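> With the first letter of the sequence shown counted as 1, position 377 gets the number 377 in full-length UniProt numbering; the numbers rise by one all the way through.
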Amino acid sequence: MDIIFNCIFRGLLFLWILSLYLDVFIYDSNNTLNSFKVSFVEATHSLNGVIKYPRDYPNSSIVNSIGDREFIKPFGDFAKYRFVTLRNKMQVFLVSNPNYNNSFVTMGVRVGSYMDPKEMSGLSTLLKDVLMADESEVEDQDKFINYLLDNNGLYEDKINYLNTEYTFTIQSKKLENALKLFSNLFKFPKFKETTVQNQINHSELFKRSDNDKEYKLENLLNTLATQYKGQNETFFSHYEYLKQLNNKDDNLYLELVKFYKENYSANLMVLCIISDDSLDKLESYAVKLFTDIPNLNQTWINSYDIFYGNNHPYSNLTQKIIEMKSIDSDINELSIFFPIDNQDGNWRYKFANYISFLLTSSGNHDLRSKLISRGWVTKFTTEVRKNSNGVTNFVIMIQLPHKGDNNILRILEALFSTFEVIRIYPMDDLIWEHIRVATEVTFQNKLSLKGKMRASDITQTYMDTGCSPEKVLQAPFSMSYVDYVEFHKFLDFFIPKNMFLVLSNSKFSKSGSSLLLSNNSLYEGIWGSIARHFRIFGMSIGNLFIKKKVGIFPFFNIQPYIHTEYLVDEIPERIINNLSDITDSPAKKLLKIELGPDFLGNLDLTLHTVNITKQDHPILLSDILAKYISIEEKVGKNSSEYDSIKSGNLTAIDISPFASNIYYMPSGSRNPYIYAKINFDFEKVDLDIKNIKFSNIPRLIVLNYLFQHAFYAYIRPVLRDYIILNEYKTIYDINTMKLGIRFDIFEYSSAFPNIFNELVKSLANPHDFIKSSYISLAKRDFKLMIQKLANQSSKHISISIISQVLSKDPLTFDMLIKEERSIKYIDILEYVMVLLKYASLKGIVIGNCTPIQVNYYLNRFSTLLNNNIYTTNPGITEHLKYIGPTKSKIINMMYLPSSHHFTYVFEKSKYGSNQVNVILQLGPNNVENNAINALIKQIEFHEAFVQYVSNNSSYITLFDYSSIYASSICTYNFVFMSNVYNIKEIVNIIQGFFDKFLVELSPLVELKKYKKAKYSTIANLSNFERQTLGAMKLHYVPIIENNSPVNWQKMETSYLEKLSQDEFLEVWKKFINSPRLMVAIQIDNINNKSMKEISEFTPPGYRKLTNNSELFDLFKDRQYN
């Protein structure tokens, strides 16, 4: 019997072990590339989702759970997920992700402005602010917001029609205590009447402090929209209404408490915690800290239920064009809106995201690429925008070039013709699968950039879509199957009669309808052009007899709460009809737009960095390769460690000489892209070369411009997106340019080698692109660029003047024009030959590639160009001379006589807004000054200025930012702009503002505000993901352009952490007494007497320059910094 029992036991044990093996095998298989092709099965989902595989817990705090294996994950996502429902019916997402160095938490509550009592619109918004503000009865050590600030945390909240979100970030080791304080705000909320009053008064600050264009636009559209419950009232009109109630002694405080108790129920709450802690640990926090939040078993409200069957609130705006004035003279934007009736939660966004992909991301033959290549637009993006009022719009946002609004009709014709291409394209399952895979990868990569918002994304998706928990990662964009009938029905939203336009600019020369009727058309021939000009002439005559009034051009309406000037006009019926009749022919035959599998390129998504050591910042490739050689010699070629780095037969001689100038960083584990941002430029040449006047900087600038543009014209169109031409918006941009060319390649790693090779091969044959046809085009572009610079707006004139006043070698347009006229074909060819011989690579490569692969690409570059890099021959450096303009020093005003520490420059302009720039020089570019600059950026200058100018904030605005001028001097910049006040009036406002806030005992640097600014700065420096786009954006400018140490983040963070308030006050004293350059630009639209008075004006305490070289003349015998 014992033998039989023993055999049975052994058999059961074997089966148990086998089952574990199979589980692991199945799990690993589900996380490969094939996970893209999993067939999803949609189900009808309730709010609580489909709960699967409940686990037994030692207590009854967990009702049910979904484990990690049930979550449908995107490609390369190796985080661990769990979903639990607590005893009080609160739903919790837990994410354990080792790629995060902080923890992220979002509490979503299904309570929004729709729930506001009819007579107290805005109560939910007030509650959101009071809930986090009223900690006056709590001990200091228990105050949540203070705890976050003291531990490098960040907090933000937002509210929309149906939901409220509370999000914070904290160091993982402080997570438990932060969660405890956070949960107490919901378990034991403490409200005081004084806090309610303070928040209402404080709302006046927010009322006028928001300069976000999208926010202003939404408020304007809501004002114009069809009446829904509270729909036409902006956030701030709610506050105004509540303030009136409060002043009438209505018991707002009691209503607020009642609203909280009736609506903030645990079963309406969704919590998401993301951390590098284990799932079990995160689950214990949720159980211990959030189970006691009261559950009132409230019924949740779905926006689909509210809006289904109703007209879209923007339906009365269709077939209209709205002109909205902007203070910023550089804004020239067109937004195309398509209202989308609310769909079932499982379908609401998905088709629109797929259409976005077809318009903008389907390769070099998509609509976006074609419009940019023709020069009709400078930027083209799409977005499925869910407004705070709970409705959805598909929005195309377009940046137009200067005076580019004459191509709006062509853009619309190209757009609707492309929609026709999409309608008739024979979509099959294979093509749709290609689109689905590429869309998923693109969407996930965008999400990875958000860092701290990842928790918010999960919470918001779950509340918005009503999906089951395990599908929350794919619910916004990925469909389990394709219903082509539904897809074509969805395309019916994208018709001219369901469109309205918003045009944003600082000035308008005609009404919206007149603008469209005067536009060029894709179909227009000679006779059409003649007819159009006669039509324009007729409209001009007709406008003379129209009685002018507010709401009819040129007299703009004003939105009452954000003081936005706007006009609404009808899109002419003939244009709507012509757009409705358009076919696919213009898109196919004129623009050569193509769809199909070919546009997706190579989708080999193999991950190369799984075994590569993760880095917090880019490191010199030569240093990394040296370690690889060391590993090879130490462990031998047969070891597993050697296999993991795959170094081949790497030796010191194989390391590219470029490796000492290229920085490398692997991407996060789920990223299939490479991002290479590389400059191919030179600063030194052999002095024996006599053909080129290397001491003539203007000549070099023109030669480099002509080379870049000739090469760009020659290269295949599909490769042009990877070449970054120098931008010349101001003379400062010219004076600080690099001599050479820059490659900016963001692609799948499998496509990168072919792209890189073709670019280099083309560059290696200058005789192919230095030809008369390409040079003629380049010279034409150069003349147009100079002409554009000569007619700059006030914004760009200001920057140019700063450059001319502070630079050692100021350039002039005459210098550049003179050189362009004298340059011949052979001069450009000789310049390019020298560039190819002596230039070197410098840049950063981040993403899905190993250091060995990058080294191979660099060696390939050198081989193809036959480049004699000077760094390979140290002996040659003594024969080299610096030739580039980028080393041009700027004047450190601290070394000027004290009489010139506060300097004033005045200039006139024909275009733009009246503008005053105030530049404070903090000192040389170093870690300490950069950290202080980042800290000062967090000080609430803008909010204080809005408060200071009170009701006049719509007439003058402030933009403040930090910069490193010419990679040399750290500066802080205040830019004041107005279309109403003249320069003298603006300067008086500035002086009053500075006298109140830029003083030693400024209210802006009191202890509480200092701590908030300090810890927000540290948190911003610390919170980032190691993903491709985000890492490049973070590191490229500091390391490559400003020559900061690779660990600049850590150094700046360490400096700030040790900085006490007393030490900061000393720094603040130095800041407010820093040398200042004030540059004032007055628009020449006033009478001669007023202009004379303004021209002769000098601000008190400033010295007015007599000419732009005055500072340099004083400085030339002094020390350069």
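Quick reminder that beta carbons are idealized off the backbone N, C-alpha and C, glycines included.
What you are looking at is a predicted structure, and each value in this text was computed from that prediction instead of being measured.
1) Out of Ala626, Ile678, Ala676, Lys818, which one is the CA nearest neighbour of Asp654?
2) Compare the beta carbon distance of Tyr253 and Glu176 with 7 Å and say whether it is the shorter of the two.
3) Can you tell me which of Lys128, Gly843, Glu1052, Pro1099 puts its alpha carbon nearest to the alpha carbon of Ile1040?
4) Helix, strand or coil, according to DSSP, for residue 1122 in the structure here?
5) Residues in the same chain with beta-carbon distance under 6 Å from Phe71, minus the five sequence neighbours each way, listed in chain order, please.
6) Going by beta carbon distance, what residues of the same chain come within less than 6 Å of Lys937, once the five residues before and after it are set aside?
7) Which same chain residues end up closer than 7 Å to His45 when comparing Cβ atoms and leaving out the 5 residues on each side of it in sequence?
8) If we count the other Cβ atoms within 10 Å of its Cβ and call it buried at 16 or more, is Gln787 buried or exposed?
9) What residue ranges within the segment 135-189 form continuous beta strand (DSSP E) runs of no fewer than 3 residues, ordered along the chain?
10) Touching or not, the segment 967-977 and the segment 915-923, by the rule of three or more beta carbon pairs under 8 Å?
11) Would Glu573 and Lys320 qualify as a contact pair, given that the criterion is a beta-carbon distance under 7 Å?
12) Give the single residue among Gln991, Tyr895, Tyr722, Leu415 whose Cα lies nearest to the Cα of Pro586.
13) Hey, Ala266 and Asn64 are a contact pair by Cβ (cut 8 Å); roughly how many whole angstroms apart?
14) What are the uninterrupted segments assigned as beta strand (DSSP E) that are 3 or more residues long and contained completely in the segment 1052-1107, given in chain order?
15) By how many angstroms is the C-alpha of Glu486 removed from the C-alpha of Asp428?
16) Closest by CA to Leu162, which one among Ser1016, Tyr264, Leu179, Thr195?
17) Figure out for me which residue from Ala710, Leu864, Ile715 has the closest Cα to the Cα of Val832.
18) Can you tell me where the alpha helix (DSSP H) with Lys853 in it begins and where it stops?
19) On the CB-based measure, 16 or more other CB atoms within 10 Å of its CB, does Ile1094 come out buried or exposed?
20) Please return the same chain residues whose Cβ sits closer than 6 Å to the Cβ of Met269, not counting the five positions on each side in sequence.
21) Does the segment 114-131 come into contact with the segment 284-295, if we say contact requires no fewer than three beta-carbon pairs (one atom in each stretch) closer than 8 Å?
22) Does chain C have any CB closer than 7 Å to the CB of Glu70?
23) Do Leu334 and Leu224 count as a contact pair if the criterion is CB distance below 7 Å?
24) What residues in its chain sit with their C-beta under 8 Å from that of Asn1043, if we drop five residues either side in the sequence?
25) From Ser639 to Ile852, what does the alpha carbon distance come to, in whole angstroms?
26) Are the beta-carbon atoms of Ile891 and Leu1111 separated by less than 7 Å?
27) Once DSSP output is grouped into helix, strand and coil, what is the label at Leu998?
28) Under the three-state reduction of DSSP, which class applies to Asp1113: helix, strand or coil?
29) Tell me whether the beta-carbon of Ser909 lies closer than 7 Å to the beta-carbon of Ile678.
30) Expressed to the nearest angstrom, what Euclidean distance is found between the alpha-carbon atoms of Ile939 and Thr1028?
31) Quick one: using the 10 Å Cβ neighbour count with 16 as the cut-off for buried, is Ile755 buried or exposed?
32) If we require 3 or more residues per run, which beta strand (DSSP E) segments fall completely within the segment 957-987?
33) Specify, as a first and last residue, the run of the beta strand (DSSP E) that Asp744 falls within.
34) For the candidate residues Tyr705, Tyr484, Arg720, whose alpha-carbon lies nearest to that of Ser373?
35) Assuming Leu706 contacts Ala778 under a Cβ cut-off of 8 Å, what Cβ separation, rounded to an integer in Å, is found between them?
36) Taking the alpha carbon of Lys1092 as the point to measure from, which residue in Lys589, Lys984, Glu830, Pro74 has its own alpha carbon closest?
Taking the definition as stated:
1) Ala626
2) no
3) Gly843
4) A query on residue 1122 cannot be resolved here, the shown segment of the chain reaching from 1 to 1121 and no further.
5) Tyr81, Glu470
6) Ser962
7) Interpretation of His45 is limited by its pLDDT of 33, a score under 50 that renders its predicted location unreliable; no figure is taken from the coordinates.
8) exposed
9) 154-159, 164-170
10) yes
11) no
12) Leu415
13) Their Cβ separation, rounded to whole angstroms, is 15 Å, which puts Ala266 and Asn64 out of contact at 8 Å.
14) 1076-1083
15) 14 Å
16) Tyr264
17) Ala710
18) Reading off the sequence shown, one finds Gln at residue 853, where the question assumed Lys. Its alpha helix (DSSP H) spans residues 851-865.
19) buried
20) Met90, Val109
21) no
22) Note that chain C does not occur in the displayed structure, where there is just one protein chain.
23) no
24) Asn925, Ser967
25) Confidence is the limiting factor: at Ser639 the pLDDT is only 40, short of 50, which leaves the residue's position unreliable, though a coordinate-based value still follows. Rounded to whole angstroms, Ser639 to Ile852 spans 18 Å at the Cα level.
26) yes
27) coil
28) helix
29) no
30) 30 Å
31) buried
32) 957-965, 969-978
33) 740-748
34) Arg720
35) 4 Å
36) Lys984
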